[in-house]
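Colleague:
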Amino acid sequence: MHFGLSDDEKALQDTARKFARDVMRPKAAHCDETSTFPKEIIQQASELGLMNLTIPAEFGGMELPHVAQAIVTEELAWGCSGMCTSMISNDLALLPIEIGGSKEQKEKFLRPFTTGFRLASFGLTEPGAGSDVAGLRCTARREGDFYVVNGQKQWITNGEYADQYTLFCTSDPAKRHKGIMCLVVEGRPQGLTVGKHENKMGQRASNTVTLTFEDVKVPVANRIGQEGEGFMIAMATLDNSRPLTAMVAIGIARAAMEHAIDYSKQRTQFGKPIADFQAIQFMIADMASDIEASRLLTYKSAWLLDDGQRNTLVSSYAKRFSADMGMKATTDAVQIFGGYGYSREYPVEKLMRDSKLIQIYEGTSQVQRLVIARELLKGT
Amino acid sequence: MPLKILVTAKRVEDSESKIKVNPAGTGIVGEGLKYKINPFDEIGVEEALRLVAKHGGEVVVVSVGSKDVHEQLRHALAMGATRAVWVNHAGPMDQLGIAACLQKVCEKEKPDLAILGKQAIDDDQNQVGQYMAEWLGWSQATFASKEESLESEAEKSKTPAIKLNADGKSITVIREVDGGLQTVESPLPCVATTELRLNQPRYASLPGIMKAKSKPIEELTPAALGVDMAPKLTVTKMVPPPARKAGIKVPDVATLIEKLKNEAKAL
Numbered sequence: 019m020h021f022g023l024s025d026d027e028k029a030l031q032d033t034a035r036k037f038a039r040d041v042m043r044p045k046a047a048h049c050d051e052t053s054t055f056p057k058e059i060i061q062q063a064s065e066l067g068l069m070n071l072t073i074p075a076e077f078g079g080m081e082l083p084h085v086a087q088a089i090v091t092e093e094l095a096w097g098c099s100g101m102c103t104s105m106i107s108n109d110l111a112l113l114p115i116e117i118g119g120s121k122e123q124k125e126k127f128l129r130p131f132t133t134g135f136r137l138a139s140f141g142l143t144e145p146g147a148g149s150d151v152a153g154l155r156c157t158a159r160r161e162g163d164f165y166v167v168n169g170q171k172q173w174i175t176n177g178e179y180a181d182q183y184t185l186f187c188t189s190d191p192a193k194r195h196k197g198i199m200c201l202v203v204e205g206r207p208q209g210l211t212v213g214k215h216e217n218k219m220g221q222r223a224s225n226t227v228t229l230t231f232e233d234v235k236v237p238v239a240n241r242i243g244q245e246g247e248g249f250m251i252a253m254a255t256l257d258n259s260r261p262l263t264a265m266v267a268i269g270i271a272r273a274a275m276e277h278a279i280d281y282s283k284q285r286t287q288f289g290k291p292i293a294d295f296q297a298i299q300f301m302i303a304d305m306a307s308d309i310e311a312s313r314l315l316t317y318k319s320a321w322l323l324d325d326g327q328r329n330t331l332v333s334s335y336a337k338r339f340s341a342d343m344g345m346k347a348t349t350d351a352v353q354i355f356g357g358y359g360y361s362r363e364y365p366v367e368k369l370m371r372d373s374k375l376i377q378i379y380e381g382t383s384q385v386q387r388l389v390i391a392r393e394l395l396k397g398t
Numbered sequence: 000m001p002l003k004i005l006v007t008a009k010r011v012e013d014s015e016s017k018i019k020v021n022p023a024g025t026g027i028v029g030e031g032l033k034y035k036i037n038p039f040d041e042i043g044v045e046e047a048l049r050l051v052a053k054h055g056g057e058v059v060v061v062s063v064g065s066k067d068v069h070e071q072l073r074h075a076l077a078m079g080a081t082r083a084v085w086v087n088h089a090g091p092m093d094q095l096g097i098a099a100c101l102q103k104v105c106e107k108e109k110p111d112l113a114i115l116g117k118q119a120i121d122d123d124q125n126q127v128g129q130y131m132a133e134w135l136g137w138s139q140a141t142f143a144s145k146e147e148s149l150e151s152e153a154e155k156s157k158t159p160a161i162k163l164n165a166d167g168k169s170i171t172v173i174r175e176v177d178g179g180l181q182t183v184e185s186p187l188p189c190v191a192t193t194e195l196r197l198n199q200p201r202y203a204s205l206p207g208i209m210k211a212k213s214k215p216i217e218e219l220t221p222a223a224l225g226v227d228m229a230p231k232l233t234v235t236k237m238v239p240p241p242a243r244k245a246g247i248k249v250p251d252v253a254t255l256i257e258k259l260k261n262e263a264k265a266l
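Just so you know, the protein sequences line up as chains F and E, in that order.
First residue of the first sequence: 19, per the numbering used here; consecutive thereafter.
First residue of the second sequence: 0, per the numbering used here; consecutive thereafter.
1) Within its chain, find whatever has a CB closer than 7 Å to the CB of K103(E); leave out the 5 residues flanking it on each side and keep chain order.
2) Threshold first: 3 residues or longer. Then list the beta strand (DSSP E) segments lying entirely within the segment 166-254 of chain E, N to C.
3) Answer with yes or no whether the minimum CB distance from K36(F) to chain E is below 8 Å.
4) Could you check whether L112(E) and A8(E) sit closer than 8 Å to each other, using their CB atoms as the reference points?
5) Work out the CA separation of L395(F) and R338(F) for me, nearest whole Å.
6) With distances taken from CA atoms, which of Q94(E), A99(E), A47(E) is nearest T233(E)?
7) For A47(F), which residues in the same chain have their Cβ closer than 8 Å to its Cβ, ignoring the five residues on either side in sequence?
8) Select from the segment 188-207 of chain E all residues with a C-beta closer than 7 Å to any C-beta belonging to chain F, and list them in chain order.
9) Can you give me the start and stop residues for the alpha helix (DSSP H) that D93(E) sits inside?
10) Check whether the Cβ of K212(E) lies closer than 8 Å to any Cβ atom in chain F.
11) Who does Q129(E) pair with in a DSSP beta bridge?
12) Checking 8 Å against the spacing of the C-beta atoms, do L154(F) and T175(F) come in under that value?
13) Note the first and the last residue of the continuous beta strand (DSSP E) segment covering Y364(F).
14) Have a look at F164(F) and N240(F) and give me their C-alpha separation to the nearest angstrom.
15) Can you name the start and end residues of the beta strand (DSSP E) that S138(E) belongs to?
16) For F21(F), count neighbouring C-beta atoms within 10 Å of its own C-beta (all shown protein chains included) and say buried if the count is 16 or more, exposed if not.
17) For the segment 67-82 of chain E, list every residue whose C-beta sits within 9 Å of some C-beta in chain F, in sequence order.
18) Based on the DSSP secondary-structure assignment, which residues constitute the bridge partners of Q170(F)?
19) Taking 8 Å as the threshold (beta carbon to beta carbon), is L30(F) in contact with chain E?
20) What residues from chain E crowd round D26(F), counting only those whose CB sits closer than 8 Å?
21) Rounding to the nearest angstrom, what Cα-Cα distance links E184(E) and A143(E) in this structure?
22) Return helix, strand or coil for T184(F), following the three-state DSSP convention.
23) Between which two residues does the beta strand (DSSP E) carrying I198(F) extend?
24) Residues in its own chain within less than 8 Å of R272(F) by CB, not counting five upstream and five downstream?
25) Tell me which residues share the same chain as V11(E) and place their Cβ nearer than 6 Å to its Cβ, disregarding the 5 neighbours each side in the sequence.
26) Closer than 6 Å by C-beta to N108(F): which residues in its own chain qualify, once you throw out the five before and the five after it? Chain order, please.
27) Tell me, please, whether the segment 367-387 of chain F touches the segment 291-300 of chain F by the rule of three or more beta-carbon pairs shorter than 8 Å.
28) Between L112(F), E144(F), A147(F), which has its C-alpha nearest P130(F)'s C-alpha?
29) Alpha carbon to alpha carbon, how far is I216(E) from Q71(E)? Give it in angstroms, no decimals.
30) Between C49(F) and F55(F), what straight-line distance do the alpha-carbon atoms span, to the nearest angstrom?
31) Name the residue from C100(E), D67(E), L163(E), I42(E) whose alpha carbon lies nearest to the alpha carbon of L219(E).
32) For L331(F) versus A88(F), is the C-beta distance shorter than 8 Å?
33) Give a yes or no on whether the C-beta atoms belonging to S334(F) and Q386(F) are separated by under 8 Å.
34) List the residues of chain A that T33(F) touches, going by C-beta distances under 9 Å, in chain order.
35) Is there a Cβ of chain E sitting closer than 8 Å to that of G427(F), yes or no?
36) Looking only at its chain, what residues have a beta carbon closer than 7 Å to the beta carbon of K231(E), apart from the 5 residues adjacent to it on each side?
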């Protein structure tokens with residue numbers, strides 16, 4: 019067993035850390051306050067190669083291991099989790115193509131992301147289908163060489179700016195998961211309406227919209243896998259992306275802990291720094307040990323992918339543990355800051371709001387527990 | 000005209016690490032320290048990359064030290080340097096030894112221009128570039144800087160501040176001097192050393208980091224170069240700067256002025 023980072027991993031981490039510190043952090047509070055999507059920062063990250071890390075070399079990508087991607091993601095989330103979510107949204111949207119696409123489709127839909135700045139969106143959730151993925155109602159009706167898509171997608175990250183959408187639809191809602199298929203929608207076809215940017219509680223730098231499809235024609239050649247394989251592709255995608263969302267929680271929690279440590283040394287009560295009190299020390303000790311535990315669990319879930327193993331169980335452990343850990347750590351950080359922590363003048367309340375989303379998106383903490391229980395109880 | 004530029008990548012303690020003098024006063028505590036490329040050298044690498052982007056050519060990065068310096072060489076390669084030369088030396092060394100190694104590497108590589116940090120942030124000696132130029136018989140343009148700020152368009156477009164003149168055989172360098180800037184011209188080959196305000200070094204991109212792995216690092220030794228590394232300078236003692244004393248409160252302005260006059264002697 020080996021727990022150290024390789025020289026490569028250290029170098030990647032170093033670049034991500036500097037970018038997070040020098041470029042993301044200084045704009046984080048402003049983007050949060052104004053709910054602004056900082057396209058130029060996302061573009062700069064893309065140009066530095068901080069996005070789309072796992073696209074296969076065959077299609078011009080860096081094909082970095084998932085562990086390296088996890089290491090980079092922690093740093094980006096430490097910088098600003100809203101921006102980070104927009105950056106890793108590309109991975110989420112391109113994964114279905116990496117998993118289920120043909121060689122021609124990969125050439126067409128992945129390569130452009132390795133040669134220039136492009137954004138992609140993953141469209142699974144609907145107003146009436148969140149945790150119940152098989153209940154989605156966005157339909158794709160076959161007409162010759164096209165599908166005609168009708169329906170609505172909700173909470174679509176980068177939706178306003180995306181150059182390409184990976185969309186999950188159904189040939190017949192009554193078929194539940196057996197009817198789901200995955201389609202790649204290019205650009206802004208006629209009939210696609212992008213809704214307004216959502217006014218969210220946290221991660222406000224990421225762009226989040228609804229997409230409405232009215233008789234949108236998508237070539238059959240853009241279908242990833244077969245009709246009915248969409249559900250499986252979506253689930254395999256989430257197995258791959260859970261280590262990333264877990265890492266976002268860890269990056270946020272680490273930022274919160276660092277702020278809490280700095281503040282507790284400066285803040286004086288009863289004649290001494292509050293860091294001298296056990297009540298504060300214990301909160302910091304919990305944060306540090308929980309962050310380390312989350313990180314190791316998440317590295318393992320990414321390592322399993324690199325090792326070619328199924329990671330459904332461990333990635334659900336990682337996502338659940340890290341998301342809940344992040345919420346506790348950021349809540350405690352606000353507690354350590356006291357009244358100042360509750361004020362927007364200080365950075366920790368943003369982290370608490372940002373953190374909440376990790377318990378919700380890409381599988382709620384409750385869904386992670388369902389997946390874990392199902393994995394553990396099946397066949398017994 | 001394509002340029003061959005030699006740059007350096009000294010391994011120094013990261014200024015974000017906590018630097019402590021060891022109890023014996025013979026050096027600093029190495030445990031828990033992080034290391035990075037000397038920031039002035041990094042500026043040199045950036046300037047060389049900009050010159051080569053404009054005129055073509057190659058950037059050769061050199062470092063003297065144990066195998067640990069590969070980390071700094073790889074950093075320069077990840078930024079975009081073409082290849083690296085490693086002078087393998089594990090023991091103690093001083094500025095004369097380092098400058099002699101660099102002189103020999105220059106004689107071997109025959110670059111048009113060598114760009115070094117004006118000093119390293121560990122020992123702040125500011126000697127190596129000057130020794131090297133003297134021994135090579137090259138001219139030197141130290142403390143290279145520029146008129147434009149680091150927020151200017153020239154900086155954003157990554158325009159080199161060191162200008163290759165139209166004859167292709169000389170350069171123009173703006174030097175930072177006391178109270179202003181001085182413009183000098185120098186024939187090539189030449190040694191330039193960098194100021195902080197010369198440029199803002201780029202980040203090593205992730206594809207750059209991955210590509211750097213396959214770029215060659217040539218190994219040389221001081222012995223093979225005919226350099227005696229035995230230091231002529233010995234550090235006899237290191238002491239940390241005195242800890243800052245706590246401030247005091249004065250009751251009124253009159254006392255403040257009195258103290259500034261008589262105690263601090265600032266007035």
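We treat Cβ as the ideally placed atom computed from N, Cα and C, and that holds for glycine.
Quick caveat: nothing in here was measured; it's all calculated off a predicted structure.
Modeller: So, from the listed chains and residues:
1) L224, G225, V226
2) 169-176, 179-186, 189-193, 216-219
3) yes
4) no
5) 18 Å
6) Q94(E)
7) P365, K368
8) Y202, A203, S204, L205, P206
9) Per DSSP, D93(E) belongs to no alpha helix (DSSP H) and is neither H nor E.
10) yes
11) According to DSSP, Q129(E) bridges with nothing at all.
12) Annotated as distal: L154(F) and T175(F), with beta-carbon spacing of 8 Å or more.
13) Taken as a continuous stretch (DSSP letters only), Y364(F) belongs to no beta strand (DSSP E), as it is neither H nor E.
14) 9 Å
15) Here the beta strand (DSSP E) through S138(E) covers 138-144.
16) exposed
17) H69, E70, R73, H74, A77
18) T230(F)
19) Cβ-Cβ to chain E under 8 Å: yes for L30(F).
20) I208, M209, K212
21) 12 Å
22) strand
23) It spans 198-204 - the beta strand (DSSP E) in which I198(F) sits, taken as one unbroken run.
24) E92, W96, I309
25) N37, A119, I120, D121
26) M69, N70, A138
27) no
28) Nearest of L112(F), E144(F), A147(F) to P130(F), Cα basis: L112(F).
29) 12 Å
30) Distance between the alpha carbons of C49(F) and F55(F) is about 7 Å.
31) C100(E)
32) no
33) Inclusion of S334(F) and Q386(F) in the CB contact set at 8 Å is warranted, their separation being smaller than that value.
34) Absence of chain A from the displayed structure is noted, the protein chains being F and E.
35) Chain F is shown from 19 up to 398; residue 427(F) falls before or after that span and cannot be answered.
36) D93, L95
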